[in-house]
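Peer 1: The sequence shown begins at 1 in UniProt numbering and counts up one residue at a time. Every residue gets a Cβ at the ideal spot worked out from N, C-alpha and C, and that includes glycine.
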Amino acid sequence: PVLQQQSSGSLSNDALIRRAVSLVTDSTATLLSQTTYALIEALTEYTKAVYTLVSLYKQYSNLLGKMNSEEVDAVWQVVIGARVDMTTKQQEYLRLESSWMTALRLSEMAAEAAYQSGADQASVTARSHIQLVKSQVQEVRLLSQKAETKLAEAQTEELIKAQGEDSLPQGVLGNTDAGDDPYLRED
């Protein structure tokens, strides 16, 4: 009879552990879902900000040589504002990415604990959820990387056009004769 009590007690303990592990996997799944949603939203906002900057660079490149210095300064103020906005959104998504990675690790540990305790359904569900959110985040990351590539291309195009403008003959962009500027003149 003593052996039976221990046996039924350990079964009861195993059942309690499986139940607790199921609760843990449910909780970590909720945390992972929330952090995934926040990360995807932040990455999407960052991607939009990058595309805004791409658009501004392209517009600026198309207007090179057609604007006076005040207009150039005004456009650059808009570009700088857009870059600050993009950087702010990048910092936000990086902060959320760190939280997401923590939630991901917790979910992986919970899935492993479920597997070890024999809560197979909880383990399978947790692992499926982990794979789903990883693929969702990967899709959005690819979109943001594509936007970053387009930004690099737009910046390169702007630099090439700006260098082309600088290499125009004197007087085309304004009078820059060395005799007019005492700092450029050799005495």
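1. Checking 7 Å against the spacing of the C-beta atoms, do residue 21 and residue 144 come in under that value?
2. Are residue 129 and residue 29 close, meaning C-beta to C-beta below 7 Å?
3. What three-state label does DSSP hand residue 119 in the structure shown?
4. Would you mind sorting residue 122 into buried or exposed? The rule is 16 or more other CB atoms within 10 Å of its CB.
5. Quick one, which of 32, 77, 14 has its alpha-carbon nearest residue 96's?
6. Residue 99 to residue 139, Cα distance in whole Å?
7. Output needed for residue 49: all residues of its chain with C-beta closer than 6 Å, excluding positions within five of it in sequence on either side, in chain order.
8. Check whether the Cβ atoms of residue 114 and residue 25 sit closer than 7 Å, and answer yes or no.
9. Keeping to the same chain, check which residues put their C-beta closer than 8 Å to that of residue 83; ignore five residues upstream and five downstream.
10. Of the choices 55, 101, 35, whose alpha-carbon is the least far from that of residue 79?
11. For the region 62-128, which segments carrying the alpha helix (DSSP H) assignment without a break, of at least 4 residues, lie completely within its bounds, in sequence order?
12. Between the C-alpha atoms of residue 91 and residue 43, what's the straight-line distance to the nearest angstrom?
Peer 2: Let me lay it out:
1. no
2. yes
3. coil
4. buried
5. 32
6. 18 Å
7. 85, 86, 89
8. yes
9. 53
10. 55
11. 69-117
12. 10 Å
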